[in-house]
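For the sequence shown, the UniProt record's numbering gives the first residue as 1, with consecutive numbering after it. Backbone N, C-alpha and C fix where the C-beta goes; we use that ideal spot for every residue, glycine too. Data block below; observations after.
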Amino acid sequence: MPLKLLVKTRSVVCLSSCHLRLLSTEITTVVSPPQPPAEQEAPVIKQALEILRRPEKEWDAAQLNQILFSASPFFLFKIARRLPSSSQALKFLQFLRQSSSDPSPPPDERSLSHALQAVFELASRQPNSTQSVYEVYTASRDLGVQLTPNAAAILLRCLGRNGMMSEAEFFFNGFDSAGAKASANTFNAVFRALREERMVNKAFELMDRMVRQGINPDYMTMDILTEWLSGIGEMEKLRRFVEGCTVSEGDHAAGDGAAAAAS
């Protein structure tokens, strides 16, 4: 086997064995909010959708507030996700933000963030996804709703696909400094964009940031970086990155073995 391919293969295999317990936690915990028992789901979501699918001027705000009273983040996420378009889901989010009538208190910030994630998901699947995603982002800033890591990843992929690297970097730095802990999924979106633009030095800076913040790479991170860095002769950078990633105490011996295999 050629040396480059051998190094690439060993790096991935050894990383998988020593980080198996840690790597995928960032993505799997933010895909959707915690789910309540299945029997509680149908009535709330069905009743809310019956109102929200009407023209906005026909919405019964009092009835909708009553239905959504103490609704969990999961309910709001599912309701927004089942609306026909991101524009309609965005109107629902605006309603949630503005809702303050008694006796229903407005949803908490976590619920709003999960509803916003659903709006981003809808926008990303529309034919004019770039424009739709950016419009949702602009609206989220006006509403003051914090993006989840998954919503941030959707936005970053959109910016990266369109070569808007300055905008992507500006957003990522702002997201990262606003107290919203980025996940591996968020970093992966930036790595993809940097790879498309061949901005390897920026990628090295991002790898260092992941290590400093204690954010573990997942399998997708390693797929992106291994394919990219092995192709330009920078596997040593990847080896150091793997060594710097957080490993539980019981995994240090395995980590040492991975470093030796990749060297």
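Comparing alpha-carbon positions, which option in the options lies nearest residue i?
i: residue 63; options: 148, 120, 99 and 83; result: 99
i: residue 241; options: 225, 189, 154 and 121; result: 225
i: residue 273; options: 49, 227 and 212; result: Residue coverage of the chain in this structure runs from 1 to 263, which leaves residue 273 outside it and unanswerable.
i: residue 145; options: 124, 120 and 109; result: 109
Using DSSP with H/G/I as helix, E/B as strand and the rest coil, what is residue i?
i: residue 172; result: helix
i: residue 116; result: helix
i: residue 221; result: helix
i: residue 49; result: helix
i: residue 208; result: helix
Looking only at its own chain, which residues have a Cβ that is under 8 Å from the Cβ of residue i, when we skip the five neighbours before and after it?
i: residue 126; result: 85, 86 and 132
i: residue 156; result: 168, 171, 172, 186, 189, 190 and 193
i: residue 206; result: 187, 190, 191 and 194
i: residue 83; result: 49, 52, 53, 89, 92 and 122
i: residue 237; result: 204, 207 and 229
What's the call for residue i, buried or exposed, on a 16-neighbour Cβ count within 10 Å?
i: residue 166; result: exposed
i: residue 45; result: buried
i: residue 245; result: buried
i: residue 239; result: buried
i: residue 232; result: exposed
i: residue 216; result: buried
i: residue 250; result: Because residue 250 carries a pLDDT of 33, less than 50, the predicted location of this residue cannot be relied on, and the following value inherits that uncertainty. By the neighbour-count rule (16 or more Cβ atoms within 10 Å), residue 250 is not buried but exposed.
i: residue 43; result: exposed
i: residue 23; result: Unreliable positioning characterises residue 23 in this predicted model, as indicated by a pLDDT of 34, which lies under 50. The coordinate reading is nonetheless provided below. Classification of residue 23: buried, given that the 10 Å Cβ count is 16 or more.
i: residue 5; result: Any reading at residue 5 needs caution, since the residue's pLDDT is 40, under 50, leaving its predicted position unreliable; the model's value is listed next. Flag for residue 5 reads exposed.
Between residue i and the rest of its own chain, which residues show a CB-CB distance below 7 Å, the 5 nearest in sequence each way excluded?
i: residue 220; result: 188
i: residue 91; result: 56
i: residue 140; result: 116 and 147
Taking 6 Å as the limit between beta carbons, can you name the residues of its chain near residue i, skipping five residues before and five after?
i: residue 137; result: 155
i: residue 122; result: 86 and 89
i: residue 158; result: 130 and 133
Establish whether the CB of residue i and some CB of chain C are separated by less than 8 Å.
i: residue 175; result: Of the protein chains in this structure there is only one, and it is not chain C.
Taking C-beta to C-beta, are residue i and residue j nearer than 8 Å?
i: residue 143; j: residue 93; result: yes
i: residue 162; j: residue 130; result: yes
i: residue 135; j: residue 160; result: no
i: residue 184; j: residue 218; result: yes
i: residue 200; j: residue 234; result: yes
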